[in-house]
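Chemist:
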Amino acid sequence: MLRTEEMLLNVGPQHPSTHGVFRLVIKIEGEIIKEATPVIGYLHRGTEKLAENLQYTQIIPYTDRMDYLAAMTNNYVLCHAVETMANITVPDRAEYLRVITMELGRIASHLVWWGTYLLDLGATSPFLYAFREREMIINLLNELCGARLTFNYMRVGGVKWDAPDGWLEKVAEFIPYMREQLHGYHQLVTGNEIFLNRVKGVGTYTREEAIAYSLSGANLRCTGVKRDLRKDEPYSIYNRFSFGVPTREAGDAWSRYECRMEEIEESLKILEQAVAQFPSDGPILAKVPKIIKPPKGEAFIRIESPRGEIGCYIASDGKKEPYRLKFRRPSFYNLQILPKLLEGENMANLIAILGAIDIVLGEVDG
Amino acid sequence: MMQELLQSAPSWTKVGIFFGLAVLFLFVVLGFVTFAILSERKIMGFMQMRIGPNQVGGSWGLLQTVADVLKLLLKEDTIPKKADRPLYILAPVLAFAPAFMVLATLPFTNQFQFADIGVGLLYYIAISGITTIGVVTAGWASNNKYSLMGGMRAAAQMISYEVPLVMSLVGVVLLAGSLNLREIVAAQEDIWFIFLQPVGFIVFFIAAIAELNRVPFDLPEAESELVAGFHVEYSGFRWAFFMLAEYVYMFAMAALTTLLFLGGWHSLPFLDFIPGAVSFALKFSVVIYVLIWIRVSFPRLRADQLMEFAWKVLLPIALANIFLTALLKELF
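Going down the list, the sequences are from chains G and C.
All residue numbers for the first sequence refer to the UniProt record's numbering, where the first residue is 1 and numbers rise by one.
All residue numbers for the second sequence refer to the UniProt record's numbering, where the first residue is 1 and numbers rise by one.
1. Quick one: complete alpha helix (DSSP H) runs, 4+ long, within the segment 85-149 of chain G?
2. In angstroms with no decimal places, state the Cα-to-Cα distance between C/W60 and G/L350.
3. If contacts are defined as beta-carbon pairs under 8 Å, then C/P164 and C/V203 qualify, I think. What distance do you get, rounded to the angstrom?
4. With DSSP as the reference, identify every bridge partner of residue 434 of chain G, one or two as the case may be.
5. Whole angstroms is fine: what's the gap from C/G150's alpha carbon to C/Y247's?
6. Pull up the distance between the alpha-carbon of C/Y123 and that of C/F309, whole angstroms please.
7. Mind listing, in chain order, the continuous beta strand (DSSP E) runs of no fewer than 3 residues lying wholly within the segment 173-215 of chain G?
8. Scan the segment 274-300 of chain C for residues whose Cβ lies nearer than 9 Å to a Cβ of chain G and list them as they occur along the chain.
9. Nearest chain C C-beta to G/F195 closer than 8 Å, yes or no?
10. In terms of residue numbering, what span does the beta strand (DSSP E) encompassing G/R23 cover?
11. Assuming G/A36 and G/L342 form a contact by the criterion Cβ under 8 Å, report the distance between their Cβ atoms to the nearest whole angstrom.
12. Short check: CB of G/I59 to CB of G/L43, under 8 Å?
13. Between C/L327, C/P198 and C/E183, which has its C-alpha nearest C/T109's C-alpha?
14. Identify the continuous beta strand (DSSP E) that holds G/L8 and give its terminal residues.
15. Using a C-beta to C-beta distance shorter than 7 Å, which residues of chain C count as neighbours of G/P38?
16. Using a Cβ-Cβ distance under 8 Å, would G/P16 count as near chain C?
17. Determine, using beta carbons only, whether C/V170 comes closer than 8 Å to chain G.
18. Output, in sequence order along the chain, the residues in the segment 98-128 of chain G whose CB is closer than 9 Å to any CB in chain C.
19. Would you verify that the beta carbon of C/K145 is, or is not, closer than 8 Å to some beta carbon of chain G?
20. Who are the Cβ neighbours of C/Y88 in its own chain at under 7 Å, not counting the five residues just before and after it?
21. DSSP puts G/L285 in a beta bridge; with which residues?
22. What whole-angstrom Cβ distance do G/R230 and G/E298 have, given they're in contact under 8 Å?
23. Going straight from the alpha carbon of C/I191 to that of C/G263, what length do you get?
24. For C/A303, which residues in chain G fall below 9 Å Cβ to Cβ?
25. What in chain G is Cβ-close to C/V218, meaning under 9 Å?
26. Pick from G/R155, G/T63, G/L128 and G/F131: whose alpha carbon is nearest that of G/E83?
27. So C/T257 is in the alpha helix (DSSP H); what residue range does that whole segment cover?
28. If we count Cβ pairs, one from each stretch, closer than 8 Å, do we get three or more for the segment 85-105 of chain C versus the segment 57-76 of chain C?
29. Which parts of the segment 2-80 of chain C are runs of the alpha helix (DSSP H), unbroken and 4 residues or longer, counting only runs that do not cross its ends?
30. Which term fits G/H183, buried or exposed, when burial requires 16 or more other beta carbons within 10 angstroms of its beta carbon?
31. Between the Cα of C/Q197 and those of C/F27, C/K329, C/A22 and C/G31, spot the shortest distance and give me the residue it belongs to.
32. Around the C-beta of C/A207, are 16 or more other C-beta atoms found within 10 angstroms, so that it is buried, or is it exposed?
33. Go through its chain and collect everything with a Cβ distance to G/L215's Cβ below 6 Å, but skip five positions before and after it.
34. Are there three or more Cβ pairs, one per stretch, closer than 8 Å when the segment 87-101 of chain G is compared with the segment 243-262 of chain G?
35. So who's on the other strand from G/A36, going by DSSP bridges?
36. Closest to C/I317 by C-alpha separation, out of C/R50, C/M167, C/I194 and C/V185, would be which residue?
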């Protein structure tokens with residue numbers, strides 16, 4: 001007798017396109033996905049629990065390991081939360097250094113996304129081009145803080161290291177170079193008919209769904225919601241720069257792609273202004289006691305990371321360690337919509353949809 | 001030359017010569033595979049701003065592929081417990097034997113051809129279809145879900161692309177008035193068929209890439225989706241056989257493109273002094289380069305889009321091309 005059977009397939013945790021140790025159990029009929037169940041936690045390290053036994057400065061290296069593609073924003077969200085609680089004013093020069101490093105990190109993160117997404121879709125070259133540019137950013141950050149990925153650069157009240165001689169000039173040189181390369185990227189990929197066919201109309205959701213699922217970042221902006229915390233709730237010194245918030249209406253993988261590519265350009269604009277306005281001298285670290293003891297109370301700070309809204313909640317009982325620390329990790333929230341999007345799609349679209357969400361497993365698993 | 005050997009009175013010497021030539025040719029093909037892989041890696045490296053192999057065999061990495069093959073031969077031959085053992089062993093053979101069989105009919109120069117059969121083109125297409133059976137068998141016998149999906153994709157892809165491939169060639173056959181590859185090349189003495197059949201050439205080239213399972217049509221392997229597709233479970237020399245088949249097909253398909261559309265051993269009119277073999281090799285290398293170039297540039301199509309493209313775009317174009325060719329041939 002002829003009949004078809006549903007097949008249970010484990011995609012991951014070892015799979016080339018799950019971007020780390022993400023596992024997806026899918027029920028498929030032929031190549032059509034009937035049901036998808038994400039399984040996470042393979043990279044769980046218990047950052048939040050560990051933090052309860054650490055002094056505030058000691059927690060900073062742990063944040064590097066959450067979203068390891070844009071560690072600067074993680075550094076910042078923790079420091080900013082503590083600063084808010086302890087009422088510390090950060091010197092101007094430190095704020096500029098923070099913004100420059102965060103925006104460089106944002107560009108690097110989007111570049112990794114761009115390269116790996118195209119790799120997922122079967123194109124090998126963009127990955128290498130993207131990593132060439134990312135390497136330059138990493139070298140810049142390396143020069144600043146001696147690490148390529150886990151920077152541990154920011155401190156409560158400022159930053160650890162001042163910019164070495166000639167560093168700002170190098171950043172300034174990088175901006176036009178990156179613009180030129182971006183043009184090349186668009187030439188290679190953006191107009192490609194096969195690529196457009198793969199991403200247009202794939203993984204579509206509406207504005208209401210995006211809000212209901214608590215999506216943020218490009219995943220939200222692709223549905224037409226103009227929400228960027230750098231603009232809406234300006235933190236640090238973002239209100240001193242003029243930049244746009246790219247949005248699209250369609251809510252598909254293609255609009256997410258377009259948003260991210262434009263975000264790189266906007267970040268370059270911020271960098272340009274930040275380098276031009278950079279204060280010639282001044283302290284890079286506020287006068288902060290050796291052991292920071294924020295007053296009793298709680299604070300929640302959220303900022304715009306490359307992946308969305310990253311938040312940090314601190315409950316302090318006045319000791320040198322936090323009573324409770326909680327991160328709102330955007331990748332984790334953005335991933336929630338995945339099972340819904342995958343229903344009825346095929347294997348090839350699974351990769352296109354998962355890739356377009358832009359997750360970092362270190363952040364999903366905490 | 002071959003024809004005379006085949007048709008003259010049989011003797012052991014002649015069998016020996018024939019055998020010797022076949023072995024020589026086998027070495028040529030294997031040499032091609034070795035250096036095609038190397039040049040693919042080098043050219044891809046150049047296009048992607050990498051260096052490529054540069055350790056084994058001098059700074060050009062000339063012996064890299066040899067070392068890779070040696071390593072593959074030394075690897076443990078694993079067969080999954082739940083695999084269909086006889087089929088699992090048979091599949092690589094099924095995939096690679098036809099790859100060598102098709103080479104017999106290809107005339108590389110005016111003289112050098114093993115079997116000058118009347119329906120050479122048809123023979124090529126028919127035999128090359130067998131490889132897909134090997135791929136499907138491999139996908140099924142591995143008893144792996146990813147392999148199965150890869151195998152099924154390969155089957156669907158072959159059915160979709162064989163049709164426009166054959167249809168695109170009808171124009172060439174109409175113009176040449178023969179299915180014999182030598183006569184097709186002979187008909188291009190004045191003008192190559194790429195100029196008379198531009199539409200046919202484009203359809204043929206796209207379908208040929210799909211036949212070769214190369215980017216952007218590498219769905220049966222689809223590394224990022226199906227891990228490695230039909231050969232997920234294969235390792236060592238069995239895996240090497242699949243790769244060998246793939247590259248021999250690349251050789252055969254590039255040769256066929258040269259023969260059918262680029263005038264085979266004919267040079268351009270003002271470059272008559274170039275020997276046929278060199279002329280053939282040059283055109284052949286250009287085709288290979290374009291294949292590698294395409295691999296570097298494109299993302300992968302989706303399975304359903306691939307079917308749509310084959311049936312709704314390529315096939316109608318190919319059919320229209322046949323009609324137009326027949327009409328023009330009748331009128332002029």
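Glycine residues also receive a C-beta, built at the ideal position from the N, C-alpha and C atoms.
Modeler: According to the structure data:
1. 92-120 and 125-145
2. 40 Å
3. 6 Å
4. Residue coverage of chain G in this structure runs from 1 to 366, which leaves residue 434 of chain G outside it and unanswerable.
5. 19 Å
6. 26 Å
7. none
8. R295, V296, S297, F298, P299 and R300
9. yes
10. R23 to E29
11. 4 Å
12. no
13. C/E183
14. M7 to V11
15. Result: empty, since nearest Cβ-Cβ is about 17 Å, beyond 7 Å.
16. yes
17. no
18. L118, L119, D120, L121, G122, A123, T124, S125, P126, F127 and L128
19. yes
20. I79, A141 and S142
21. G/G158
22. Their Cβ separation, rounded to whole angstroms, is 24 Å, which puts G/R230 and G/E298 out of contact at 8 Å.
23. 8 Å
24. E31, N346, M347 and A348
25. The residue you asked about is not Val; residue 218 of chain C is Asp in the sequence shown. Under the 9 Å cutoff, chain G gives G122.
26. G/R155
27. G236 to F261
28. no
29. 2-7, 12-47 and 64-74
30. exposed
31. C/K329
32. buried
33. N334
34. no
35. G/I26
36. C/M167
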